[in-house]
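Numbering (the numbering used here), first residue to last: 2 to 275.
Below is one structure, written out as structure tokens, with a few remarks after it.
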Amino acid sequence: MNAQLNPLITAQQLGRLSQLRPTLAIVLGSGFQQAIAEMRIELEISYEKLKGFPPVGVSGHAGKLILGYLGKTPVLVLSGRAHYYEGHEMEQVTYATRVLAEFGIRDLLLTNAAGGVNRKFKAGDFMVLTDHINFMGINPLRGPTIAKLPRFVDMTCTYDQQLSQLLHKAGKLCGLKLQKGVYLAVSGPSYETPAEIRAFATLGADAVGMSTVPEAIVARQCGINVAGVSCITNLAAGCGGDTLSHAEVLETAERVKNMAARLLNSFAKLYAKG
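Okay, here's the thing in structure tokens:
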């Protein structure tokens with residue numbers, strides 16, 4: 002790992018700023034930012050003030066780390082993420098995940114906006130990740146071996162069944178039937194062609210996006226349990242008649258933001274009950 006990137010030092014910096022020590026962390030992608038409004042915040046700090054955190058330059062991603070309570074559940078929230086397509090090295094993209102591990106996080110909920118590949122999906126649906134396909138052309142574990150961490154990481158059960166079941170239960174509490182499926186990650190930033198989407202469907206993908214998979218891989222290397230949920234903000238190329246745009250993603254995210262916040266709030270309550 003780059004000598005200038007030391008997750009332990011960043012975790013220690015965070016520990017000096019707050020005495021709260023949650024075991025649950027949530028990464029908020031596009032469509033999920035409203036969850037912050039439900040929080041009782043103890044600490045809010047810009048990524049720019051945390052050693053090693055890369056800047057976030059995508060609309061819909063705030064770039065803040067928040068410690069506080071969602072309901073009565075202590076939680077660490079990453080409001081926004083760095084993306085590989087912004088030009089960051091994969092080591093930077095996943096740096097926050099390694100900081101979470103050093104900070105004592107045991108369970109990680111990854112959220113994102115995704116395009117629907119499964120033709121049964123519609124814009125505004127939520128999909129619990131059952132597995133993923135890494136089509137980014139790079140693996141975040143590439144590089145020198147990191148002391149005390151496994152070189153070769155088993156990905157058989159990347160997305161924890163118990164955490165995923167909590168998501169489905171949370172959906173029921175909200176009167177929301179969650180979809181489930183396989184998330185395929187591409188590097189972006191161009192959207193996929195219709196031919197690529199047909200190929201991805203053949204491979205077994207239900208949704209496609211440009212994040213989440215690197216974080217999930219690194220989290221599993223660090224021994225963190227992972228769950229994931231996608232907001233289907235648009236139908237992928239060839240699945241609908243509209244031209245794809247980030248504005249469409251943000252429009253759908255705005256429409257479902259309150260439901261997304263309720264889902265995460267219910268998940269946190271169920272998590273606290275064990």
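A virtual CB, placed ideally from N, CA and C, is assigned to each residue, including glycine.
Just so it is clear, the structure is predicted and the values come from calculations on it, not from any experiment.
Our contact map puts V209 next to G32 with C-beta atoms below 8 Å; I'd like the distance itself, whole angstroms only. Wrong, their Cβ atoms sit about 15 Å apart, outside the cutoff.
Closest by CA to V250, which one among M260, A237 and A38? A237
Name the residue from P8, T159, V129 and G116 whose alpha carbon lies nearest to the alpha carbon of Q222. T159
Hey, out of P75, G176, L51 and R120, whose CA is closest to Q93's CA? L51
By DSSP, does Y160 sit in helix, in strand, or in coil? strand
For G116, the three-state DSSP class (helix, strand or coil): strand
Span separating the alpha-carbon of T253 from that of G138: 28 Å
Short of 6 Å in beta carbon distance, which residues of its chain neighbour L101, apart from the five on each side in sequence? Order them along the chain. A26
Please confirm whether G210 has its beta-carbon closer than 8 Å to some beta-carbon of chain C. The question asks about chain C, but that chain is absent: this structure has only one protein chain.
Among F127, G144, T74 and G16, nearest to R41 - alpha-carbon criterion: T74
Reduced DSSP secondary structure (H/G/I, E/B, other) of G138: coil
Measuring straight from C-alpha to C-alpha, what distance separates G224 and N259? 32 Å
Could you say which of V154, A12, Q35 and Y70 lies nearest to Y48 if we only look at CA atoms? A12
Would you call R263 buried or exposed, if buried means 16 or more other Cβ atoms sit within 10 Å of its Cβ? buried
Straight-line Cα distance separating L18 from F201: 44 Å
Are S231 and M128 closer than 8 Å when you measure CB to CB? yes
Distance between R22 and G105 (C-alpha atoms, nearest Å): 7 Å
Taking the alpha-carbon positions, what's the Q34 to P55 distance? 19 Å
If you measure between the beta carbons of V28 and L79, is that distance less than 8 Å? yes
Starting from R152, follow the alpha helix (DSSP H) in both directions and report where the run begins and ends. That residue, R152, is in no alpha helix (DSSP H); it is neither H nor E in DSSP.
Have a look at Y96, Y272 and T234 and flag the residue whose alpha-carbon is nearest the alpha-carbon of I218. Y96
Could you check whether V187 and F136 sit closer than 8 Å to each other, using their CB atoms as the reference points? yes
Pairs of beta-carbons, one from the region 263-274 and one from the region 157-172, closer than 8 Å: are there three or more? yes
Give the DSSP-derived three-state secondary structure of F127 in the structure shown. strand
Tell whether a beta-carbon distance below 8 Å holds between I37 and I67. yes
For H133, collect the residues of the same chain with a Cβ closer than 6 Å to its Cβ; drop the 5 residues on either side in sequence, then sort them by chain order. Y184 and V214
Should G125 and I46 be called a contact, given that it needs their Cβ atoms to be closer than 8 Å? no
Under the three-state reduction of DSSP, which class applies to N235: helix, strand or coil? strand
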